[in-house]
Amino acid sequence: MYQALYRKYRSQTFGQLVGQEVVATTLRQAVEQDKISHAYLFSGPRGTGKTSVAKIFAKAMNCPNQKGGEPCNECYICQAITEGSLEDVIEIDAASNNGVDEIRDIRDKSTYAPSLAKHKVYIIDEVHMLSAGAFNALLKTLEEPPEFAIFMLLCENYNKLLATILSRCVTFKLRPVDHNLIEKYLIDNNSLDREKAQMYARYSQGSIGRAVELSNSQDFNEIRDYTLNLARELEKADLIKMYKLAEGLKEYKDEIDTVLEILLLLYRDTLVYIKTGSRRYIIQQDKIDDIINMAQTSNTAQLEKRCDAINDTRMKLLNNGDFQLMTETLFFKIKEK
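When we follow my numbering, the leftmost residue of the sequence shown carries the number 779, and every step to the right adds one.
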């Protein structure tokens, strides 16, 4: 669902990119001045526009009608790249194609000139997932790239890449998008009212893709209400109840990251309220006032520990940690005084 939704709303020009003006301007100028490097790295959190930037850049540098560094989006090359059907622009998911043989295959095929486009472009997503052997094979390709080949590497955290890879790339760091810009985007593109747009924008954590996903999800309100009830129960739970709450989380195993994200934001905003008195919440006031009142019985240090524990649990679950053990441990940490 995520890819289909975001593809529907994906920016098609540099001018349409939200919150990445510096990146857009620099790449637009590179196209306009015909100063294209052989390797680029686009890093940043999920949903900040890495794939959009790469595809717009691929279109712009290959568009026969580009104007001011922008693709026309009307010629065959632009439309084929948008649809993912142009054989000269190859998109690769390194999470599932991370072996040395796959990268050697890219290296071998990159020596063949493009059939229709000016540049042969390789967009490698999740590049940090490559094996050590694959990284070495990629490095050799980047050291001596064919004149017409362009490599665009995408990842969430550039620190996971080898320094030798980084040194051969022009690097752009895409920042989380300001929630006010996301709010405006949702109102303009998804026809949402301001209250809903504000809610999804704050939940998105700076990710346009995440905001679009949430605003189109029929299950989100159910997950949000479940999490708020969970927070209420956690404040009142004894030891036996804690185990039952952790057991009940299994029903939301596929949505656990969203559950933990909502819980994290709730505690974080409660912490902000205690410290500053600011009531800038992402959830309707009438749904969380009682939770805030209960959470305030904790001091700021305890709330900070809760936030740290949730972040730690999200990371461990992402790395296939034991679900039951991780959630039980988290709940015990939340209850610690």
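Backbone N, C-alpha and C define an ideal beta-carbon position, used for all residues, glycine too. Computed from a predicted structure; not experimentally measured.
Next item on the list: Report yes if the C-beta of residue 883 is less than 7 Å from at least one heavy atom of the ligand ZN; otherwise report no.
Entry: In terms of ligand content, the structure shown is empty, and the ligand ZN therefore cannot be addressed.
Next item on the list: State the beta-bridge partners of residue 949 as determined by DSSP.
Entry: 819
Check: Under a Cβ-count criterion, where at least 16 other Cβ atoms within 10 Å of its own Cβ denotes burial, should residue 1093 be classed as buried or exposed?
Finding: exposed
Notebook entry, point to check: Quick one: what does DSSP say residue 845 is sitting in, helix, strand or coil?
Noted result: strand
Check: residue 1102 and residue 1024: beta carbons closer than 8 Å?
Finding: yes
Item checked: Coarse secondary structure for residue 1033, derived from DSSP in three states -> helix
Next item on the list: Report, in whole angstroms, the separation of the C-beta atoms of residue 825 and residue 986, which I expect to be a contact under 8 Å.
Entry: 6 Å
Margin query: Does residue 1127 come out as helix, strand or coil in the three-state DSSP assignment?
Written below: Because the chain is modelled from 779 through 1115, residue 1127 falls outside the range shown and cannot be assessed.
Notebook entry, point to check: Quick one: what does DSSP say residue 925 is sitting in, helix, strand or coil?
Noted result: coil
Checklist line | Residues bridged to residue 834 (per DSSP) | finding: Answer is none; residue 834 lacks a bridge partner.
Next item on the list: Pick helix, strand or coil for residue 1003, following the three-state DSSP scheme.
Entry: helix
Notebook entry, point to check: Taking one C-beta from the region 815 to 825 and one from the region 974 to 985 each time, how about it: are there three or more such pairs within less than 8 Å?
Noted result: yes
Next item on the list: Compare the C-alpha of residue 989 against each of 875, 1113, 957 and 1078 and name the closest.
Entry: 957
Checklist line | With 16 other Cβ atoms within 10 Å as the buried cut-off, status of residue 842 | finding: exposed
Check: Exposed or buried, which one is residue 863 when buried takes at least 16 other CB atoms within 10 Å?
Finding: exposed
Check: How would you call residue 885, buried or exposed, if buried means at least 16 neighbouring beta carbons within 10 angstroms?
Finding: buried
Note to self: What does the Cβ neighbour count give for residue 1112, buried or exposed, with the cut at 16 atoms within 10 Å?
What the structure shows: buried
Checklist line | residue 1084 versus residue 1100 - alpha carbon distance | finding: 19 Å
Item checked: residue 1017 classed as buried or exposed, judged by whether at least 16 other C-beta atoms fall within 10 angstroms -> exposed
Next item on the list: Would you mind reading off the limits of the beta strand (DSSP E) that contains residue 796?
Entry: Counting along the chain, residue 796 falls outside any beta strand (DSSP E), and DSSP gives it neither H nor E.
Item checked: C-alpha gap between residue 827 and residue 1019, whole angstroms -> 42 Å
Next item on the list: Determine the DSSP secondary structure at residue 814, reduced to helix, strand or coil.
Entry: coil
Notebook entry, point to check: What is the residue span of the beta strand (DSSP E) that residue 867 lies within?
Noted result: 867 to 871
Next item on the list: Look up residue 903 in the DSSP assignment and give the residues it is bridged to.
Entry: 871
Notebook entry, point to check: According to the neighbour-count rule (16 or more other Cβ atoms, all chains shown, within 10 Å of its Cβ), is residue 1041 buried or exposed?
Noted result: buried
Next item on the list: Please name the residue in 1043, 1097 and 1055 whose C-alpha comes closest to that of residue 1082.
Entry: 1043
Checklist line | Own chain partners of residue 961 with C-beta closer than 7 Å, once the 5 adjacent residues on each side are dropped | finding: 975, 976 and 979
Checklist line | Chain-order list of residues whose beta-carbon lies under 6 Å from that of residue 908 (same chain, five-residue window excluded) | finding: 872 and 876
Check: Which residue comes first and which comes last in the alpha helix (DSSP H) that contains residue 981?
Finding: 972 to 981
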